[in-house]
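These notes concern the structure reproduced below.
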Amino acid sequence: MSAAAPTIALVGNPNCGKTALFNALTGSRQKVANYPGVTVEKKVGHLTTPAGRSLQIVDLPGTYSLRARSPDEEITRDAVLGRLGGDVTPDLIVCVADASNLRLALRLALELKRVGRPVMLSLNMMDIARKRGIEIDAARLARELGVPVVSSVAVRRGGTDELLREIDNAVASLAAAGVSSWKAPDAGELRGGQREADRLLDAAVRRGGERDVTTARADAVLLHPVAGIVILLAILFVMFQAVFAWARPAMDAIAAGFTWLGALVGSAPLPDLLKSFLKDGLIAGVGSVIVFLPQIVILFFFILVLEDLGYMARAAFLMDRIMGGAGLHGRAFIPLLSSFACAIPGIMSTRVIDDRRDRLTTILVAPLMTCSARIPVYTLIIGAFIPDRDVWGFVGLQGLVMFGLYAAGIAGALGVSFVLKRLIWRHSVGEPFMLELPDYKIPQAKSLAIGLWTRATIFLKRAGTTILSMMVLIWVLASFPQPPEGATEPAISYSLAAMIGSAIQPITEPLGFNWQINVALIPGMAAREVAVGALGTIYAIDGGEGAAEKIGQIVAGQWSLGTALALLAWYVFAPQCASTLAVIRRETGSWKWMWVTFFYMLALAYVAALATYQIARALGAG
Amino acid sequence: MGFRGRIRALAVERAGTGLPGPELERRLIELGFVEGAEVELLHQGLFGGDPIAVRVAHATIALRRREAMAILVSDEAPV
């Protein structure tokens with residue numbers, strides 16, 4: 031038992047409004063972290079009851095049973111059984127149920143009773159249930175079930191009063207945890223539990239209408255085999271546009287802010303080396319990551335709205351067959367789509383995939399989706415090498431090449447996931463696609479705001495730790511050793527980065543890369559588009575207005591078409607992003623998968639660039 | 008579509024799934040597929056009518072046909 035504040039655990043089916051209830055109870059007094067060793071989110075909050083008691087609330091991952099099937103559900107099981115110890119051992123379990131969908135929740139409540147800890151059932155979303163003509167005899171249910179039953183409306187002011195009062199009562203006379211008689215139920219026991227739940231339901235609940243009318247009407251269109259897919263694509267198109275277009279002003283402002291900050295440091299009376307560290311290492315490094323914050327916030331805004339609305343499960347339903355052909359789970363669709371903006375939020379959003387293998391596959395292929403940081407590099411090279419003319423009379427050749435690069439990334443991702451599923455994990459059990467399609471609900475602003483805040487802080491924390499240290503490492507490589515007195519070449523030419531660039535020359539020679547490209551690729555590890563700036567530095571072009579065009583003119587004069595195409599092919603596949611690798615390390619909880627990603631992408635990039643250059647040369651473009 | 012009936016039995020050996028039979032059975036029960044429950048086919052996907060969305064008692068569950076094969080339903084005229 032915890033010494034200070036009693037701990038209350040919220041347990042319930044997915045989509046029962048548990049998180050909304052958690053938000054309503056704790057407001058901003060919550061902390062999201064990870065459970066040690068796994069990537070399951072640990073949400074802990076605090077609240078003071080009307081009686082003045084201080085309580086700790088833990089929001090546990092949604093589940094249908096304590097018979098855990100995924101890492102998330104294992105956490106729920108272990109926390110409820112007190113196996114996790116520490117601050118998440120519950121003194122009281124509140125089983126949260128969607129009042130309009132009680133059947134499966136009652137079976138879970140019966141299972142929770144066996145754990146030997148005090149249990150309470152909270153009938154959430156009572157307002158919706160009443161509106162649909164569902165009458166619940168709470169007193170009867172409490173008597174039959176043998177635990178206190180209260181109703182709650184998480185989204186309304188005062189909607190948690192009854193729950194809080196009952197928690198106060200319960201906590202006042204808290205019994206110590208008894209002996210747990212829970213063990214993983216077999217099919218017979220589950221069946222018995224469901225029969226008992228159905229009996230309770232018959233005894234205490236009178237149902238009105240069969241299905242939620244709004245949901246039935248909406249699904250007639252949204253889940254229509256053809257119209258449903260068209261609408262899904264339209265939603266995705268808007269989402270994709272928003273991530274690009276709406277984020278632009280904010281991104282420009284952040285970039286300008288960091289440039290200004292850099293200039294400020296640049297003009298400060300400090301030693302040159304310190305100035306360079308602050309300006310090119312710290313400020314430019316952190317800035318190049320934080321610039322993605324607006325995209326991440328917008329993307330998660332859409333994801334959270336769609337999730338709260340209940341649409342996410344439908345999107346997975348619509349895409350399951352299409353994704354399944356490549357060995358991906360239906361739920362991988364949104365993370366992969368997000369990766370077109372940036373692989374970092376994409377990888378972060380794979381948390382919606384329950385199965386570990388499916389999630390890992392998605393994380394591994396997400397960086398192959400053409401992220402927005404590749405665009406400056408693509409634009410530079412395409413602008414310099416691909417003639418601006420139409421093919422077949424109406425399609426711009428430059429646009430066509432751009433499209434080809436996107437298509438190559440998608441094909442690569444599908445191919446890799448296919449190989450992983452069919453060859454590497456072929457003996458493993460495929461997770462079946464089985465999920466509940468919840469009734470549609472209107473998203474609540476408060477939950478949205480809390481969700482967005484959580485995502486933004488997680489990202490910023492990462493930018494401040496792992497990503498920052500990688501940026502500093504890259505700065506060190508590009509800055510040391512310092513150029514000798516009276517050096518004529520740009521400073522980077524004397525650095526470790528240049529040495530590495532020359533050292534790997536024999537390896538990149540068959541790709542048509544010169545040492546300048548090799549060197550640019552190293553700071554390009556910080557963020558792909560930094561390579562453009564690095565090329566500018568190497569070819570000694572001053573920054574500022576029109577710098578990108580000048581770089582384009584120079585490389586157009588110095589590189590062959592084969593080299594340019596090979597570099598494009600390289601950029602489609604290469605693991606040129608330290609931040610993504612850091613996030614993979616963080617989300618998979620292992621260095622192993624980070625290195626697997628790094629090396630498989632490197633291998634793909636090498637082969638693709640090699641093939642491109644050699645074929646181009648054979649055709650006379652080398 | 009619109010097919011209605013009552014679950015007669017779970018016959019997991021009929022499912023063409025990679026999951027071991029007892030595990031599939033438990034998962035189906037956890038989602039409410041028990042003998043006697045009323046089911047109705049609500050939606051199906053574009054390609055091969057897969058996956059399907061099924062109303063079982065008071066919830067809507069999406070699953071693939073190969074797992075749904077395990078659910079034996081007795082034909083029953085709509086009430």
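These protein sequence lines are chains H and Y, in that order. In this text, residue positions in the first sequence follow this note's numbering: the first is 31, and each later residue adds one. In this text, residue positions in the second sequence follow this note's numbering: the first is 8, and each later residue adds one. Beta carbons are placed, not taken as given, at the ideal position from N, Cα and C, and that holds for glycine.
Chain-order list of residues whose beta-carbon lies under 8 Å from that of residue i (same chain, five-residue window excluded)
i	result
VAL285(H)	As written in the sequence, residue 285(H) is Ala, which differs from the Val given in the question. Contacts found: GLY317 and VAL321.
GLU196(H)	MET150, PRO178 and VAL180
PHE510(H)	SER525 and LEU526
SER130(H)	MET155, ILE158, ALA159, ARG162, ILE164, ASP242 and ASP469
LYS305(H)	VAL295, GLY296 and ALA298
Rounded distance between the beta-carbons of residue j and residue i, thought under 8 Å
i	j	result
ILE412(H)	GLN428(H)	5 Å
ALA227(H)	LEU151(H)	No, ALA227(H) and LEU151(H) are not in contact; Cβ-Cβ is about 12 Å, not under 8 Å.
ALA280(H)	PRO324(H)	4 Å
PRO120(H)	ALA39(H)	4 Å
ILE374(H)	THR610(H)	6 Å
ALA75(Y)	GLU42(Y)	In fact, because the Cβ distance is near 15 Å, the residues do not count as touching under 8 Å.
MET378(H)	GLU617(H)	7 Å
Minimum Cβ-Cβ distance from residue i to chain Y less than 8 Å
i	result
PHE448(H)	no
TYR94(H)	yes
MET464(H)	yes
ARG97(H)	yes
PRO255(H)	yes
GLN546(H)	no
ALA217(H)	yes
ASN131(H)	yes
ALA259(H)	Reading the sequence as shown, one finds Ile at residue 259(H) and not Ala. It does: the Cβ of ILE259(H) has a partner Cβ on chain Y nearer than 8 Å.
LEU140(H)	no
ASP249(H)	yes
ARG351(H)	yes
ALA233(H)	no
ALA135(H)	no
LEU220(H)	yes
Cβ-based burial, residue i [other Cβ within 10 Å; buried from 16]
i	result
GLY592(H)	buried
GLY574(H)	Note that GLY574(H) scores 49 on pLDDT, short of 50, meaning its location in the model is unreliable; the coordinates nonetheless yield the value given after this. When all chains shown are included, GLY574(H) counts as exposed.
ARG229(H)	exposed
LYS48(H)	buried
PHE603(H)	buried
VAL637(H)	exposed
ASP117(H)	exposed
SER532(H)	exposed
PRO514(H)	exposed
TRP505(H)	buried
GLN546(H)	buried
ILE568(H)	buried
Contact with chain H by residue i, beta-carbon distance below 8 Å
i	result
VAL46(Y)	no
GLU36(Y)	It is worth fixing the name first, because residue 36(Y) is Ile in this sequence and not Glu. It does: the Cβ of ILE36(Y) has a partner Cβ on chain H nearer than 8 Å.
ILE68(Y)	yes
ALA60(Y)	yes
ALA64(Y)	yes
GLY23(Y)	no
GLU32(Y)	yes
VAL80(Y)	no
GLU74(Y)	yes
Cβ-based neighbour list, residue i, same chain, cut-off 6 Å, excluding 5 preceding and 5 following
i	result
ASP469(H)	ASP242 and THR245
HIS359(H)	ILE383 and ASP388
LEU394(H)	THR627
LEU291(H)	ILE313
TYR16(H)	Look at the range of chain H in this structure, 31 to 652, and you will see that residue 16(H) is not part of it.
SER58(H)	none
PHE489(H)	ILE326
ALA599(H)	ALA638, ALA639 and THR642
Neighbouring residues, chain B, relative to residue i (Cβ below 7 Å)
i	result
PHE10(Y)	Looking for chain B here will not work: the only protein chains present are H and Y.
The ligand ADP heavy atom lying under 7 Å from the CB of residue i
i	result
ALA371(H)	The model depicted lacks the ligand ADP and carries no ligand whatsoever.
Cut-off 7 Å between Cβ atoms - residues of its own chain near residue i, not counting five sequence neighbours on either side
i	result
LEU430(H)	VAL421
ALA234(H)	ILE166, ASP167, ARG170, LEU171 and GLU174
THR24(Y)	LEU31, ARG73 and GLU74
If you measure beta-carbon to beta-carbon, which residues of the region 137-168 of chain H are closer than 7 Å to chain Y?
Under the 7 Å Cβ criterion, the region 137-168 of chain H contributes no residue.
Give the residues from the region 356-383 of chain H that approach chain Y closer than 9 Å (Cβ to any Cβ), ordered along the chain.
Under the 9 Å Cβ criterion, the region 356-383 of chain H contributes GLY360.
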